[in-house]
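Residue numbers (this note's numbering): 0 to 419.
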(Lines of atoms letter the chains of each structure in order from A and count residues from 1; the text may use other names and numbers.)
(Lines give C-alpha, C1' and ligand atoms only; values in the text may rest on other atoms or scores of the structure.)
Protein backbone atom coordinates (compact mmCIF):
# COMPACT_ATOMS: atom_id res chain seq x y z
CA UNK A 1 0.00 0.00 0.00
CA UNK A 2 1.25 3.55 -0.67
CA UNK A 3 3.02 5.35 2.16
CA UNK A 4 1.08 8.15 3.87
CA UNK A 5 1.99 11.54 2.50
CA UNK A 6 3.86 13.59 5.11
CA UNK A 7 2.82 17.05 6.22
CA UNK A 8 5.26 19.53 4.68
CA UNK A 9 5.58 23.09 5.97
CA UNK A 10 8.07 25.69 4.73
CA UNK A 11 9.53 27.72 7.61
CA UNK A 12 11.98 30.58 8.18
CA UNK A 13 15.45 30.02 9.55
CA UNK A 14 16.90 32.54 11.98
CA UNK A 15 20.13 34.49 12.27
CA UNK A 16 21.61 36.44 15.17
CA UNK A 17 21.54 40.20 14.67
CA UNK A 18 24.49 41.63 16.56
CA UNK A 19 23.08 45.16 16.27
CA UNK A 20 19.96 44.31 18.24
CA UNK A 21 21.26 41.24 20.10
CA UNK A 22 18.32 39.08 19.09
CA UNK A 23 17.70 36.13 16.80
CA UNK A 24 15.54 37.22 13.89
CA UNK A 25 13.75 35.20 11.21
CA UNK A 26 15.08 35.31 7.67
CA UNK A 27 12.32 35.43 5.10
CA UNK A 28 12.50 35.26 1.33
CA UNK A 29 13.73 38.50 -0.19
CA UNK A 30 15.36 39.83 2.99
CA UNK A 31 19.06 40.26 3.63
CA UNK A 32 20.39 38.23 6.55
CA UNK A 33 21.84 40.42 9.28
CA UNK A 34 25.59 40.14 9.54
CA UNK A 35 26.67 37.67 12.18
CA UNK A 36 30.15 39.10 12.33
CA UNK A 37 29.89 42.82 13.07
CA UNK A 38 27.43 45.44 14.31
CA UNK A 39 27.32 47.57 11.17
CA UNK A 40 24.29 47.90 8.94
CA UNK A 41 23.67 44.47 7.37
CA UNK A 42 24.65 44.08 3.73
CA UNK A 43 25.10 41.06 1.53
CA UNK A 44 28.83 41.81 1.46
CA UNK A 45 29.22 41.21 5.18
CA UNK A 46 27.26 37.97 5.31
CA UNK A 47 29.43 34.88 5.14
CA UNK A 48 28.32 32.71 2.24
CA UNK A 49 31.01 30.04 1.92
CA UNK A 50 32.99 27.85 4.27
CA UNK A 51 36.58 26.79 4.45
CA UNK A 52 37.50 23.14 3.99
CA UNK A 53 36.57 20.78 5.50
CA UNK A 54 32.83 20.76 5.01
CA UNK A 55 31.95 19.05 8.31
CA UNK A 56 28.54 17.43 8.75
CA UNK A 57 27.68 16.15 12.23
CA UNK A 58 24.84 14.80 14.34
CA UNK A 59 24.10 14.12 18.01
CA UNK A 60 21.12 13.12 20.11
CA UNK A 61 21.73 15.41 23.10
CA UNK A 62 19.29 13.56 25.45
CA UNK A 63 16.35 15.67 26.53
CA UNK A 64 16.24 17.32 29.96
CA UNK A 65 12.56 16.81 30.75
CA UNK A 66 12.66 13.62 32.79
CA UNK A 67 11.34 12.98 36.33
CA UNK A 68 13.55 13.94 39.27
CA UNK A 69 15.10 10.46 39.83
CA UNK A 70 16.29 10.40 36.20
CA UNK A 71 17.55 13.98 36.33
CA UNK A 72 19.54 13.08 39.44
CA UNK A 73 21.44 10.62 37.25
CA UNK A 74 21.82 12.50 33.96
CA UNK A 75 22.63 15.91 35.51
CA UNK A 76 21.15 18.00 32.70
CA UNK A 77 22.50 21.43 33.79
CA UNK A 78 26.03 20.02 33.76
CA UNK A 79 25.46 18.34 30.40
CA UNK A 80 23.96 21.45 28.80
CA UNK A 81 27.08 23.44 29.63
CA UNK A 82 29.22 20.65 28.23
CA UNK A 83 27.21 20.68 25.01
CA UNK A 84 28.28 24.27 24.38
CA UNK A 85 31.93 23.36 24.89
CA UNK A 86 31.99 20.27 22.67
CA UNK A 87 29.94 21.95 19.91
CA UNK A 88 32.46 24.79 19.78
CA UNK A 89 35.35 22.32 19.73
CA UNK A 90 33.70 20.31 16.94
CA UNK A 91 33.09 23.42 14.82
CA UNK A 92 30.78 21.65 12.36
CA UNK A 93 29.59 23.31 9.17
CA UNK A 94 26.14 21.78 9.50
CA UNK A 95 25.09 20.22 12.79
CA UNK A 96 21.90 18.28 13.45
CA UNK A 97 20.73 17.78 17.04
CA UNK A 98 17.96 15.51 18.31
CA UNK A 99 15.91 15.71 21.53
CA UNK A 100 16.42 19.47 21.80
CA UNK A 101 14.04 20.99 24.34
CA UNK A 102 13.22 24.65 24.85
CA UNK A 103 15.65 24.79 27.77
CA UNK A 104 18.45 23.29 25.68
CA UNK A 105 17.59 25.57 22.76
CA UNK A 106 17.70 28.64 25.00
CA UNK A 107 21.17 27.77 26.22
CA UNK A 108 22.39 27.07 22.69
CA UNK A 109 21.05 30.37 21.36
CA UNK A 110 22.75 32.21 24.22
CA UNK A 111 26.18 30.91 23.17
CA UNK A 112 28.38 33.65 21.62
CA UNK A 113 30.00 31.00 19.42
CA UNK A 114 26.66 29.89 18.00
CA UNK A 115 25.45 33.49 17.66
CA UNK A 116 28.53 34.42 15.62
CA UNK A 117 28.68 31.34 13.42
CA UNK A 118 25.31 29.75 12.75
CA UNK A 119 21.93 30.09 11.19
CA UNK A 120 19.39 27.99 13.11
CA UNK A 121 16.21 26.18 12.18
CA UNK A 122 14.35 27.23 15.33
CA UNK A 123 14.55 30.36 17.47
CA UNK A 124 12.10 30.23 20.35
CA UNK A 125 10.33 33.21 21.85
CA UNK A 126 10.48 34.11 25.52
CA UNK A 127 8.19 36.27 27.58
CA UNK A 128 9.29 38.27 30.59
CA UNK A 129 8.26 41.53 32.19
CA UNK A 130 5.19 41.80 30.05
CA UNK A 131 7.09 41.80 26.74
CA UNK A 132 7.81 39.18 24.14
CA UNK A 133 10.93 39.04 21.98
CA UNK A 134 13.17 36.61 20.16
CA UNK A 135 15.35 34.80 22.62
CA UNK A 136 18.88 36.06 23.22
CA UNK A 137 19.71 33.34 25.73
CA UNK A 138 19.94 35.82 28.60
CA UNK A 139 16.43 35.57 29.99
CA UNK A 140 15.86 37.32 33.27
CA UNK A 141 14.21 36.02 36.39
CA UNK A 142 10.62 35.07 35.80
CA UNK A 143 11.03 34.77 32.03
CA UNK A 144 8.99 31.97 30.51
CA UNK A 145 9.00 30.29 27.13
CA UNK A 146 5.75 31.04 25.37
CA UNK A 147 5.93 29.97 21.73
CA UNK A 148 8.05 28.05 19.26
CA UNK A 149 7.65 29.86 15.93
CA UNK A 150 8.42 26.84 13.74
CA UNK A 151 6.64 24.41 16.03
CA UNK A 152 9.34 21.75 15.75
CA UNK A 153 9.53 20.86 19.44
CA UNK A 154 6.87 18.96 21.25
CA UNK A 155 8.19 18.40 23.88
CA UNK A 156 11.54 17.97 22.13
CA UNK A 157 12.61 17.97 18.52
CA UNK A 158 15.29 18.25 15.86
CA UNK A 159 17.46 21.31 15.33
CA UNK A 160 19.73 22.23 12.43
CA UNK A 161 22.58 24.71 12.82
CA UNK A 162 24.39 25.81 9.67
CA UNK A 163 27.27 28.11 8.86
CA UNK A 164 25.87 28.54 5.36
CA UNK A 165 22.48 30.16 4.80
CA UNK A 166 19.36 28.09 4.38
CA UNK A 167 17.80 28.55 0.96
CA UNK A 168 14.72 26.80 2.27
CA UNK A 169 13.73 25.22 5.56
CA UNK A 170 11.10 22.52 5.79
CA UNK A 171 9.44 20.77 8.70
CA UNK A 172 8.20 17.36 7.58
CA UNK A 173 5.92 15.14 9.62
CA UNK A 174 6.81 11.66 8.42
CA UNK A 175 4.00 9.95 10.38
CA UNK A 176 0.91 11.81 9.26
CA UNK A 177 -1.27 8.82 10.09
CA UNK A 178 -0.04 8.72 13.67
CA UNK A 179 0.19 12.17 15.27
CA UNK A 180 0.48 10.61 18.73
CA UNK A 181 3.89 9.23 17.75
CA UNK A 182 4.79 12.02 15.33
CA UNK A 183 8.45 12.92 14.92
CA UNK A 184 8.93 15.94 12.69
CA UNK A 185 12.11 15.91 10.63
CA UNK A 186 13.81 19.21 9.79
CA UNK A 187 15.17 19.66 6.25
CA UNK A 188 17.49 22.43 5.14
CA UNK A 189 18.07 23.16 1.46
CA UNK A 190 21.41 24.75 0.57
CA UNK A 191 23.37 25.92 -2.45
CA UNK A 192 26.46 23.93 -3.41
CA UNK A 193 28.17 27.22 -4.26
CA UNK A 194 27.81 28.38 -0.65
CA UNK A 195 30.11 25.54 0.34
CA UNK A 196 32.55 25.69 -2.56
CA UNK A 197 32.73 29.48 -2.79
CA UNK A 198 32.53 29.16 -6.58
CA UNK A 199 30.08 30.85 -8.93
CA UNK A 200 26.48 29.83 -8.35
CA UNK A 201 25.72 27.04 -10.79
CA UNK A 202 22.17 26.46 -9.65
CA UNK A 203 22.93 23.25 -7.77
CA UNK A 204 21.22 22.47 -4.48
CA UNK A 205 21.58 19.84 -1.81
CA UNK A 206 19.54 19.06 1.29
CA UNK A 207 20.36 17.99 4.84
CA UNK A 208 17.73 16.39 7.08
CA UNK A 209 17.87 15.84 10.83
CA UNK A 210 15.51 13.05 11.81
CA UNK A 211 14.66 11.21 15.03
CA UNK A 212 12.59 8.10 14.43
CA UNK A 213 10.57 6.09 16.93
CA UNK A 214 12.50 3.89 19.35
CA UNK A 215 12.03 0.40 20.84
CA UNK A 216 12.53 -3.13 19.61
CA UNK A 217 9.13 -4.29 18.47
CA UNK A 218 7.47 -5.10 15.18
CA UNK A 219 5.14 -2.08 15.15
CA UNK A 220 7.88 0.49 15.66
CA UNK A 221 10.18 -1.31 13.26
CA UNK A 222 7.60 -0.78 10.53
CA UNK A 223 6.99 2.82 11.60
CA UNK A 224 10.72 3.57 11.36
CA UNK A 225 10.77 2.05 7.91
CA UNK A 226 7.93 4.36 6.88
CA UNK A 227 9.44 7.45 8.51
CA UNK A 228 12.80 6.99 6.77
CA UNK A 229 11.19 6.23 3.40
CA UNK A 230 8.92 9.28 3.71
CA UNK A 231 11.72 11.76 4.44
CA UNK A 232 13.79 10.33 1.58
CA UNK A 233 10.82 10.59 -0.78
CA UNK A 234 10.27 14.19 0.27
CA UNK A 235 13.88 15.20 -0.41
CA UNK A 236 14.01 13.35 -3.73
CA UNK A 237 10.79 14.92 -5.02
CA UNK A 238 11.61 18.39 -3.70
CA UNK A 239 15.14 18.48 -5.13
CA UNK A 240 13.86 17.17 -8.44
CA UNK A 241 11.79 20.36 -8.69
CA UNK A 242 14.86 22.52 -8.09
CA UNK A 243 16.97 21.30 -11.00
CA UNK A 244 18.50 24.14 -12.96
CA UNK A 245 20.61 24.30 -16.08
CA UNK A 246 20.83 20.55 -16.39
CA UNK A 247 22.44 20.19 -12.96
CA UNK A 248 21.58 17.74 -10.23
CA UNK A 249 20.45 14.87 -12.42
CA UNK A 250 20.19 12.88 -9.20
CA UNK A 251 19.16 14.53 -5.93
CA UNK A 252 21.94 15.22 -3.45
CA UNK A 253 21.05 14.95 0.22
CA UNK A 254 22.18 13.87 3.67
CA UNK A 255 19.90 12.12 6.15
CA UNK A 256 21.29 12.02 9.67
CA UNK A 257 20.25 11.62 13.26
CA UNK A 258 19.09 9.11 15.81
CA UNK A 259 17.33 6.80 13.39
CA UNK A 260 16.86 4.24 16.18
CA UNK A 261 17.95 1.30 14.06
CA UNK A 262 17.70 -1.28 16.85
CA UNK A 263 17.88 -4.32 14.60
CA UNK A 264 20.77 -5.32 12.34
CA UNK A 265 18.19 -5.97 9.64
CA UNK A 266 17.37 -2.25 9.59
CA UNK A 267 20.56 -1.83 7.54
CA UNK A 268 18.20 -2.87 4.77
CA UNK A 269 16.50 0.54 5.02
CA UNK A 270 19.75 2.07 3.76
CA UNK A 271 19.80 -0.14 0.67
CA UNK A 272 16.03 0.15 0.09
CA UNK A 273 16.33 3.94 -0.18
CA UNK A 274 19.46 3.86 -2.38
CA UNK A 275 21.60 5.52 0.27
CA UNK A 276 25.22 5.31 1.36
CA UNK A 277 25.93 4.57 5.03
CA UNK A 278 28.92 6.84 5.59
CA UNK A 279 30.16 5.03 8.71
CA UNK A 280 30.24 1.70 6.88
CA UNK A 281 31.45 3.18 3.58
CA UNK A 282 34.37 5.17 4.96
CA UNK A 283 35.52 2.74 7.66
CA UNK A 284 35.37 -0.44 5.57
CA UNK A 285 38.42 -2.74 5.85
CA UNK A 286 38.98 -4.69 2.64
CA UNK A 287 41.42 -7.10 4.30
CA UNK A 288 38.75 -8.40 6.69
CA UNK A 289 35.70 -7.47 4.59
CA UNK A 290 34.16 -5.77 7.60
CA UNK A 291 33.55 -2.34 9.06
CA UNK A 292 33.74 -1.43 12.78
CA UNK A 293 30.54 -2.03 14.71
CA UNK A 294 30.23 1.67 15.50
CA UNK A 295 27.91 1.48 18.48
CA UNK A 296 26.53 4.95 19.16
CA UNK A 297 24.46 3.65 22.08
CA UNK A 298 26.85 1.59 24.16
CA UNK A 299 26.13 0.47 27.71
CA UNK A 300 29.68 -0.89 28.07
CA UNK A 301 31.60 2.30 27.27
CA UNK A 302 29.13 5.03 28.26
CA UNK A 303 28.87 4.86 32.03
CA UNK A 304 25.69 6.94 32.17
CA UNK A 305 23.59 4.53 30.12
CA UNK A 306 23.21 1.71 32.65
CA UNK A 307 22.50 4.23 35.43
CA UNK A 308 19.98 6.19 33.37
CA UNK A 309 18.27 2.92 32.29
CA UNK A 310 18.80 0.49 35.21
CA UNK A 311 20.15 -2.84 34.03
CA UNK A 312 20.64 -1.71 30.43
CA UNK A 313 23.07 -4.02 28.62
CA UNK A 314 22.55 -3.27 24.93
CA UNK A 315 25.01 -1.95 22.34
CA UNK A 316 23.45 -0.60 19.13
CA UNK A 317 24.29 1.48 16.07
CA UNK A 318 21.24 3.71 16.44
CA UNK A 319 22.64 6.89 14.87
CA UNK A 320 23.58 7.28 11.21
CA UNK A 321 24.83 9.74 8.63
CA UNK A 322 23.43 8.59 5.29
CA UNK A 323 23.58 10.25 1.89
CA UNK A 324 22.79 9.71 -1.76
CA UNK A 325 25.66 8.59 -4.02
CA UNK A 326 25.18 11.81 -5.99
CA UNK A 327 26.18 13.87 -2.96
CA UNK A 328 29.57 12.11 -3.01
CA UNK A 329 29.99 13.11 -6.63
CA UNK A 330 29.93 16.76 -5.53
CA UNK A 331 31.57 16.40 -2.11
CA UNK A 332 34.34 13.85 -1.66
CA UNK A 333 35.29 12.29 1.68
CA UNK A 334 38.23 14.06 3.33
CA UNK A 335 38.24 12.03 6.55
CA UNK A 336 36.28 8.90 7.56
CA UNK A 337 33.08 9.15 9.54
CA UNK A 338 34.00 9.28 13.24
CA UNK A 339 32.36 9.53 16.65
CA UNK A 340 32.32 12.61 18.86
CA UNK A 341 30.82 13.51 22.26
CA UNK A 342 32.41 10.31 23.58
CA UNK A 343 34.29 11.71 26.58
CA UNK A 344 32.74 11.76 30.04
CA UNK A 345 31.63 15.08 31.49
CA UNK A 346 32.33 13.71 34.97
CA UNK A 347 33.30 10.04 34.91
CA UNK A 348 33.34 9.81 38.70
CA UNK A 349 29.65 10.71 38.79
CA UNK A 350 28.88 8.67 35.66
CA UNK A 351 27.84 11.71 33.59
CA UNK A 352 28.35 11.78 29.83
CA UNK A 353 27.15 14.41 27.32
CA UNK A 354 24.34 12.07 26.30
CA UNK A 355 23.32 8.43 26.27
CA UNK A 356 24.32 8.52 22.59
CA UNK A 357 27.60 9.25 20.88
CA UNK A 358 27.57 11.62 17.93
CA UNK A 359 28.79 11.09 14.38
CA UNK A 360 30.76 13.47 12.20
CA UNK A 361 32.31 13.38 8.75
CA UNK A 362 34.59 15.76 6.86
CA UNK A 363 33.88 16.35 3.18
CA UNK A 364 35.41 18.63 0.60
CA UNK A 365 34.23 19.98 -2.72
CA UNK A 366 35.16 17.71 -5.62
CA UNK A 367 37.76 19.34 -7.85
CA UNK A 368 37.13 17.35 -11.04
CA UNK A 369 34.95 19.03 -13.64
CA UNK A 370 32.58 17.62 -14.57
CA UNK A 371 32.24 15.78 -11.30
CA UNK A 372 32.89 12.06 -11.57
CA UNK A 373 29.90 9.92 -10.70
CA UNK A 374 30.40 8.22 -7.34
CA UNK A 375 29.93 4.46 -7.18
CA UNK A 376 29.26 3.08 -3.69
CA UNK A 377 31.52 0.26 -2.51
CA UNK A 378 29.77 -2.96 -3.63
CA UNK A 379 31.35 -4.91 -0.76
CA UNK A 380 29.79 -2.55 1.81
CA UNK A 381 26.43 -2.76 0.07
CA UNK A 382 26.67 -6.56 0.20
CA UNK A 383 27.34 -6.47 3.95
CA UNK A 384 24.31 -4.22 4.52
CA UNK A 385 22.17 -6.48 2.34
CA UNK A 386 23.35 -9.52 4.32
CA UNK A 387 22.41 -7.80 7.58
CA UNK A 388 18.98 -7.03 6.12
CA UNK A 389 18.30 -10.76 5.89
CA UNK A 390 19.13 -11.48 9.54
CA UNK A 391 16.04 -12.35 11.60
CA UNK A 392 15.19 -9.56 14.01
CA UNK A 393 16.95 -10.11 17.31
CA UNK A 394 15.03 -10.61 20.54
CA UNK A 395 15.67 -7.77 23.01
CA UNK A 396 18.34 -8.63 25.57
CA UNK A 397 17.00 -5.95 27.91
CA UNK A 398 13.79 -6.80 29.77
CA UNK A 399 11.91 -6.33 33.04
CA UNK A 400 14.07 -8.94 34.75
CA UNK A 401 17.23 -6.99 33.94
CA UNK A 402 15.53 -3.86 35.23
CA UNK A 403 14.36 -5.54 38.46
CA UNK A 404 17.75 -7.10 39.11
CA UNK A 405 19.45 -3.73 38.82
CA UNK A 406 17.10 -1.88 41.16
CA UNK A 407 18.88 -2.57 44.49
CA UNK A 408 22.09 -1.05 43.14
CA UNK A 409 20.13 1.74 41.45
CA UNK A 410 18.41 2.72 44.72
CA UNK A 411 21.83 2.86 46.42
CA UNK A 412 23.20 4.94 43.54
CA UNK A 413 20.28 7.40 43.74
CA UNK A 414 20.85 7.65 47.48
CA UNK A 415 24.42 8.78 46.80
CA UNK A 416 23.12 11.33 44.31
CA UNK A 417 20.59 12.61 46.82
CA UNK A 418 23.31 13.49 49.32
CA UNK A 419 25.31 15.34 46.71
CA UNK A 420 27.59 12.69 45.23
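The beta carbon of each residue, even a glycine, is placed where N, CA and C say it ideally should be.
For residue 351, no pairing in a beta bridge is given by DSSP. In the DSSP assignment, the residues bridged to residue 297 are 314. By the Cβ test, the stretch 309 to 323 is in contact with the stretch 250 to 267, since at least three Cβ pairs between them sit closer than 8 Å. If you draw a straight line from the Cα of residue 339 to the Cα of residue 356, it is about 6 Å long. Nearest in C-alpha terms to residue 414, of all of 9, 57, 72, is 72. Contact between residue 110 and residue 83 holds: their C-beta atoms lie close to 5 Å from each other, under 8 Å. Separation of residue 408 and residue 310 (C-alpha to C-alpha, rounded to the nearest whole angstrom) is 9 Å.
For a cut-off of 8 Å, the C-beta gap from residue 335 to residue 300 is around 19 Å, too long to register as a contact.
Residue state for residue 372 is assigned as coil, using DSSP reduced to three classes. Per DSSP, residue 192 lies in no beta strand (DSSP E); the unbroken alpha helix (DSSP H) holding it starts and ends at 192 to 195. In this structure, residue 272 lies away from residue 213, with their beta-carbon atoms at least 7 Å apart.
Within the same chain, 309, 310 come within 6 Å of residue 401 by CB-CB distance, once the 5 residues on both sides are set aside. Put simply, of 203, 169, 261, 274 the residue whose alpha carbon is nearest the alpha carbon of residue 228 is 274. Counting along the chain, the unbroken alpha helix (DSSP H) around residue 328 starts and ends at 326 to 329. In the structure shown, the three-state DSSP call for residue 98 is strand.
Inter-residue distance for residue 15 and residue 79 is about 20 Å (C-alpha atoms, whole angstroms). Take residue 391, set aside five residues on each side of it, and the residues of its chain with a beta-carbon closer than 6 Å to its own are 262, 264, in chain order.
Rounded to whole angstroms, the gap between the alpha carbons of residue 204 and residue 411 is 48 Å. Residue 276 and residue 284 have their C-alpha atoms spaced approximately 14 Å apart.
Residue pairing from DSSP places residue 7 in a beta bridge opposite 171. According to the DSSP assignment, residue 161 belongs to the beta strand (DSSP E) that extends over 156 to 161. Rounded to whole angstroms, the Cβ separation of residue 396 and residue 312 is 6 Å, and the two are in contact under 8 Å.
Around the beta carbon of residue 190, 16 or more other beta carbons sit within 10 angstroms, so the residue counts as buried. Within its own chain, the residues whose Cβ lies closer than 6 Å to the Cβ of residue 95, once the five positions on either side in sequence are excluded, are 57, 159, 208, 255, 256, listed in chain order.
With fewer than 16 other Cβ atoms from the protein chains shown falling within 10 Å of its own Cβ, residue 374 counts as exposed. In the three-state reduction of the DSSP assignment, residue 19 falls in the coil class. Membership of residue 358 in the beta strand (DSSP E) is indicated by the continuous run 357 to 364. Spatial neighbours of residue 297 in its own chain (CB-CB distance under 6 Å, excluding positions within 5 residues in sequence) are listed in chain order as 314. Around the beta carbon of residue 292, fewer than 16 other beta carbons lie within 10 angstroms, which makes this residue exposed. Scanning 69, 187, 327, 347 for the CA closest to the CA of residue 372 turns up 327. Taking the Cβ atoms as the reference, residue 329 lies roughly 14 Å from residue 52, outside the contact range of under 8 Å. Ranked by Cα distance from residue 294, the first of 100, 337, 120, 66 is 337. Residue range 203 to 208 is occupied by the beta strand (DSSP E) that includes residue 207, with no alpha helix (DSSP H) assigned at that position. For residue 163, the number of other beta carbons within 10 angstroms of its own is at least 16, and it is reported as buried. The beta-carbon separation of residue 188 and residue 166, rounded to 5 Å, stays under the 8 Å limit for a contact. Residue pairing for residue 24: DSSP places it in a beta bridge opposite 13.
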